[in-house]
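230 is the number of the first residue of the sequence shown in the working numbering; add one for each residue after it. From the three backbone atoms N, C-alpha and C, an ideal C-beta is built for every residue, glycine too. It should be emphasised that the depicted structure is a prediction, and the values quoted were computed from it without experimental measurement. First the structure, in the form of structure tokens, and then the observations on it.
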Amino acid sequence: MPAEEARQHVRGLDGLRGLAALYVMLFHCWLYTFPGYPHSSAPWWLGGLMFGRFAVVFFLVLSGFSLAISPARKGWRIGSGADYVRRRAWRILPPYWAALAMSLAIAAFVVPASHFGPPTARTIAVYGLLLQDTLSAPTPNGAFWSISVEAELYLVFPLLVLLRRRLGAAVLVAGVTLPVIARGLTAANASPVEGDNWLTPHLAPVFVAGLVGAGIVAAAPRIQRLPWHWLAALATVPVLAIGIAKGSVWTVNHYFWMDLAVAPAMTMLIAAVTTGKPAMLTRILMTRPVRGLGDFSYSLYLIHLPIVMIVIRRIAPHFVSAGLPTFWFTLALAVPVSILGSWLFAQIFELPFKRSRSWKNVFQREPTPSPRPSGAQPGVRTAETRHPSNKAST
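Take a look at the structure:
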């Protein structure tokens, strides 16, 4: 695949990630403005903002897809497991720990993030070690639950890739999904009640769906030319039909099943974007604002919620009444502050680690390339124009 084409694919996926992070932020603006979730007091025409869980599911599908692109191109081989773990830790932990420190300070001194009270020493230990999916503690940031889920899935990713290579896609999907379905069917009324912990086994199938979908990058041209966007739309129809027929409250209470149902559609949408379809969507994803949002989407996800809660619970009551006025006030203030704050946060705590492979190069600027010697063609790197690159794959 040409290098420029590969870059466009990465940008397209980054754009999807940025839009998903933006939706999660809007969901939290909606959630904390209107009490009673899922029986919300919000106007009906804002009902489309209540499904933040699906955006997180999309993040997991997209993570599985993005991580598997390189192995898929290499015959489903991942290389050194130790190097893989180090790269993942280097990528996600520094911004996460910085966001954790910020969230702890805000939750302790400005606005609580948990109805269980302010953060404790147990909070620092559990969240600092990314154990919040297995152990309970007062949360400093309600968005952090999914980071633990992703971290656990990252740890088993090399094994999943090995199973994909040895057993094939169908066996891998069945082996991960069927136990989850069996658990659901054996629960009371075939409707498992989810707690705040141990969501990783339930969400593993959506991560694996993305992993398997990444095979599109190494598939034959006739496979890549399939109308993946239309197939994604077709797979969405039954999910939408059930959601509309049963209602939003039922949908929220049955996320266990709806997550599994929507994952194939999400995977095919990502495959469509990877192959450049639909053209209008790919053009939107390639625009500078959307692509830029995708560059710091991780930071936006990490720090937006404390900002939203400060606006709703500490600032808005002094200026506007509860309900819809507070919602508009929050959109007008919290959204731009979150986006700008996330961009600044990313410049310090995310992008240096995204671009560099070691502490030595984190804050070291790349040297400016020397002028091309006479006769050198654009895009051709000669001995005089080469310089070391600190950029690492994400």
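Rounded straight-line distance, which links the Cα of residue 375 to that of residue 491: The alpha-carbon atoms of residue 491 and residue 375 are separated by roughly 18 Å.
Taking 8 Å as the threshold, find out whether the region 316–326 comes into contact with the region 563–582 through three or more Cβ pairs. yes
Cα-Cα separation between residue 321 and residue 582, rounded to whole angstroms: 9 Å
Flag this pair as touching only if the region 528–539 and the region 475–495 have three or more C-beta atom pairs under 8 Å; answer yes or no. no
For residue 433, which residues in the same chain have their Cβ closer than 6 Å to its Cβ, ignoring the five residues on either side in sequence? So the list reads 405, once near-sequence residues are dropped.
Terminal residues of the alpha helix (DSSP H) in which residue 392 lies: 374–396
Whose C-beta lies closer than 7 Å to the C-beta of residue 510 among residues of the same chain, with five residues either side of it excluded? Excluding positions up to five away in sequence, the list reads 502.
Give the straight-line distance between the Cα atoms of residue 284 and residue 455, rounded to the nearest whole angstrom. Each residue's alpha carbon lies about 25 Å from the other.
Three-state secondary structure assigned by DSSP to residue 428: coil
Cut-off 6 Å between Cβ atoms - residues of its own chain near residue 447, not counting five sequence neighbours on either side: 301 and 302
Look up residue 476 in the DSSP assignment and say whether it is helix, strand or coil. coil
What three-state label does DSSP hand residue 505 in the structure shown? DSSP places residue 505 in coil when its eight states are reduced to three.
Decide if residue 523 is buried, meaning its Cβ has at least 16 other Cβ atoms within 10 Å, or exposed. buried
Contact under 9 Å by Cβ, residue 398 with residue 444: yes
Would a C-beta distance cut-off of 9 Å place residue 330 and residue 351 closer than the cut-off? no
Do you know offhand how far residue 310's Cα is from residue 384's? Taking the straight line joining both Cα atoms gives about 9 Å.
Pick helix, strand or coil for residue 524, following the three-state DSSP scheme. Reduced to three states, the DSSP call for residue 524 is helix.
With respect to the alpha helix (DSSP H) encompassing residue 313, which residues constitute its N-terminal and C-terminal limits? 310–338
Rounded separation between residue 281 and residue 529 - CA only: 15 Å
What do you reckon, are the CB atoms on residue 249 and residue 294 nearer than 9 Å? no
Residue 498 beta carbon less than 9 Å from that of residue 229: Past the edges of the chain, shown from 230 to 623, lies residue 229, and the structure says nothing about it.
If you draw a straight line from the alpha carbon of residue 500 to that of residue 526, how long is it in whole angstroms? In a straight line, the C-alpha of residue 500 is about 20 Å away from that of residue 526.
Integer Cβ distance of residue 353 from residue 333, believed to fall under 8 Å: 7 Å
Reference residue 348, options 363, 518 and 371, closest by Cα: 371
Between which two residues does the alpha helix (DSSP H) carrying residue 355 extend? Taken as a continuous stretch (DSSP letters only), the alpha helix (DSSP H) holding residue 355 covers 350–357.
Rounded to the nearest angstrom, what separates residue 474 and residue 480 at their Cα positions? Taking the straight line from one Cα to the other gives about 10 Å.
Have a look at residue 428 and residue 378 and give me their C-alpha separation to the nearest angstrom. 7 Å
Straight-line Cα distance separating residue 521 from residue 537: Taking the straight line joining both Cα atoms gives about 21 Å.
Taking residue 192 as the reference, which of 462, 356 and 245 has the closest Cα? Outside the shown range of the chain (230 to 623) lies residue 192, about which nothing can therefore be said.
Which residue's Cα is closest to the Cα of residue 459: 483, 478, 431 and 504? Checked all of 483, 478, 431 and 504; the closest Cα to residue 459 is 504.
Rounded separation between residue 573 and residue 564 - CA only: 14 Å
For residue 246, three-class secondary structure by DSSP: For residue 246, the three-state secondary structure derived from DSSP is helix.
Is residue 287 helix, strand or coil when you go by DSSP? helix
Simplified DSSP assignment, three categories, for residue 254: helix
Between the Cα of residue 242 and those of 298, 407 and 553, spot the shortest distance and give me the residue it belongs to. 298
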